[in-house]
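In my numbering, the protein residues as written are 896 to 1510. The next block holds one structure in the form of structure tokens; read it before the comments.
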């Protein structure tokens, strides 16, 4: 029995015998979701305007509603959304397609469609579900629950399949701009594999060609449409008919989504990691062994409101094998000299400490047997090169050069003059001339310091670089890379005792080479940081975000910064020591401005995580 026949029979059966079933919104989250953000308590955000909610990138599926004016003057409370049910934002991605969407409860359908008036009702193939469509968005409603989602096929996969069909069915001597293909129903000629996830390309290659109607781009459009239809049908059949959702797939997610906190977070790190390994030509045996290493590797989080802000608690789960690697990272401590270079009132600083040598040896112990069992040529070549390098490289020297501990400080903002280049067109000579003018710019000042006991090796490297790059020069007891920041300001490199520094702050060279004379971190605070895990971050948001110029960052980074500029207070991130099964993280946001809606900060936090996970 083919997949399509089974699909039709099941639908017919359900249409006849199935009762009208109501289910929770979280039961509509597809099993393909890799990331899920859930809001459990709407009381903090129910008075938020819909325009403000739609402005967040994680609500991009509904952004057209903001533009047509249907959200103007309306709040979440008056949108028809059920405040007593959880709302979840999800996204997932594999080599074939990406999927994103929102699940939520409905209190008043009329109010809902007064807001989301771009959705048109269409015939539904799925019993118990009404179907609405708006551009690329699909909305399914069952009684008081709703699923809004968008599916997009992988562009590279579309091109690969199209090229394969074109190459197999066409002579490359033809002029592609003049060649065409016959009008065909591509969808009917694509079948799924037994796993229901891949196309059988030989069926695609059965398409017939002529020189009358369509060319390469039209073929690509047909393939894209067919892929979209099949994958969308597959996702919906699994979710709405077979009731295969993320809750049924993952018991940890089921527990997490049902917690009584203000919000929850879910990351499936195992599927993300396997997406990386699947890029390589590994055998099924190797893929299976790697998959077992990453089994149950996920991150679960709780969001709760404290009296003065927000608390985010995350737990990253590992297998024993991967946990053994990560736990080796803990076997280190910070160099006490680091404390001297972190002023007590600095806007922001970050500390990272790991034992690279111990983790490297444990990783070899766990991973290398898997790769050595491979018999393919490419893996064998890669292993041979690795073995040669591993034998000849002085690892003791290498790990002394960078021992795994470092810190980064944000030291404030400096005003610098940069060259603004403008090209002016001369209509008489038909040539462009370059006009250079000076412009005042704000430049963030930073210092990166790392523990290094091998200064001689770095000096040799620097001398070699200076021969290749005339902008890299030695100045007495430090090195300088000219015009490195914003094409105007230099970066400095220098050693002091067992620390190596990279900075664009000249005061580090002139005044603070031996550490800051002002009060630095207390011994008690530094000792507490040293007892913790690999990561520690602390920021005074008033001193940090308000100073950062948005034009220095990418679009997504600038969006994140603009959101966190709304608040004030402090942000602190800590991690625990890793054992064989987990690492715990905790982020505390303390808000000084009590007039700011804490629900807004919850959305800001969700949006920040969304931006970084979808970058």
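Glycine included, C-beta positions come from ideal geometry on N, C-alpha and C.
Which residues does DSSP pair with residue i in a beta bridge?
i            : result
residue 1430 : 1247
residue 1041 : 999 and 1036
residue 1310 : 1337
residue 987  : 994
residue 1435 : 1465
residue 1484 : 1205 and 1466
residue 934  : 982 and 1158
residue 1196 : 1160 and 1209
residue 1329 : 1318
Starting from residue i and walking both ways along the beta strand (DSSP E), at which residues does that stretch end?
i            : result
residue 1391 : 1384–1391
residue 1469 : 1464–1470
residue 1379 : 1373–1380
residue 1029 : 1025–1029
residue 1398 : 1394–1398
residue 1370 : 1367–1370
Within a Cβ cutoff of 6 Å, which residues of the same chain sit near residue i, ignoring the five residues on either side of it in sequence?
i            : result
residue 964  : Confidence at residue 964 is low in this model, with a pLDDT of 49, below 50, so its placement is unreliable and no value can be given for it.
residue 1482 : 1207 and 1468
residue 890  : No answer is possible for residue 890: the residues shown for the chain start at 896 and end at 1510.
Just the Cα atoms here: how many angstroms apart are residue i and residue j?
i            : j            : result
residue 1045 : residue 1138 : 19 Å
residue 1271 : residue 1187 : 21 Å
residue 1498 : residue 1438 : 22 Å
residue 1024 : residue 1036 : 5 Å
residue 1348 : residue 1295 : 5 Å
residue 1370 : residue 1394 : 18 Å
residue 1182 : residue 1225 : 28 Å
residue 1324 : residue 1362 : 40 Å
residue 1408 : residue 1467 : 27 Å
residue 1276 : residue 1264 : 16 Å
residue 1333 : residue 1464 : 36 Å
residue 1335 : residue 1121 : 53 Å
residue 1239 : residue 1425 : 16 Å
residue 1004 : residue 923  : 18 Å
residue 1383 : residue 1364 : 16 Å
residue 1000 : residue 1229 : 50 Å
residue 1111 : residue 1143 : 42 Å
residue 1092 : residue 1266 : In this prediction, residue 1092 has a pLDDT of 39, which is less than 50 and means its spatial position is unreliable; what the coordinates show is noted afterwards. Between residue 1092 and residue 1266, the C-alpha separation is close to 27 Å.
residue 1141 : residue 994  : 13 Å
residue 1242 : residue 1376 : 26 Å
residue 979  : residue 1157 : 12 Å
residue 1068 : residue 1179 : Confidence at residue 1068 is low in this model, with a pLDDT of 38, below 50, so its placement is unreliable and no value can be given for it.
residue 1214 : residue 1404 : 46 Å
Less than 7 Å between C-beta atoms, sequence neighbours within five positions excluded: which residues of the same chain meet that for residue i?
i            : result
residue 1299 : 1227, 1248, 1249, 1250 and 1251
residue 1203 : 1485 and 1486
residue 1319 : 1327, 1328 and 1330
residue 1220 : 1254, 1257, 1258 and 1261
residue 1413 : 1238
For residue i, which residues from the same chain have a beta carbon less than 8 Å from its beta carbon, with the 5 sequence-adjacent residues on both sides left out?
i            : result
residue 1194 : 1160, 1161, 1162, 1164, 1209, 1210, 1211 and 1212
residue 1154 : 935 and 1197
residue 1115 : 1053, 1054 and 1057
residue 1014 : 1008, 1027, 1028, 1029, 1032 and 1034
residue 1401 : 1387
Where does residue i fall in DSSP's three states?
i            : result
residue 1255 : helix
residue 1264 : helix
residue 1416 : coil
residue 1206 : strand
residue 924  : coil
residue 1236 : helix
residue 1241 : coil
residue 973  : helix
residue 1059 : helix
residue 1148 : helix
residue 1221 : helix
residue 1474 : coil
residue 1359 : helix
residue 1350 : helix
I want to see whether chain D comes within less than 9 Å of residue i, judged by CB atoms only; does it?
i            : result
residue 1319 : The chain inventory of the structure shown lacks chain D, comprising one protein chain alone.
For the alpha helix (DSSP H) that residue i lies in, which residues bound it at each end?
i            : result
residue 1285 : 1272–1287
residue 1119 : 1111–1131
residue 1179 : 1179–1189
residue 1290 : 1290–1296
residue 1016 : Segment 1015–1017 is the beta strand (DSSP E) holding residue 1016; no alpha helix (DSSP H) there.
residue 1402 : 1401–1405
The ligand COA heavy atoms versus the CB of residue i: any closer than 8 Å?
i            : result
residue 1122 : For the structure depicted, the ligand COA is absent and the ligand set is empty, with no information on it obtainable.
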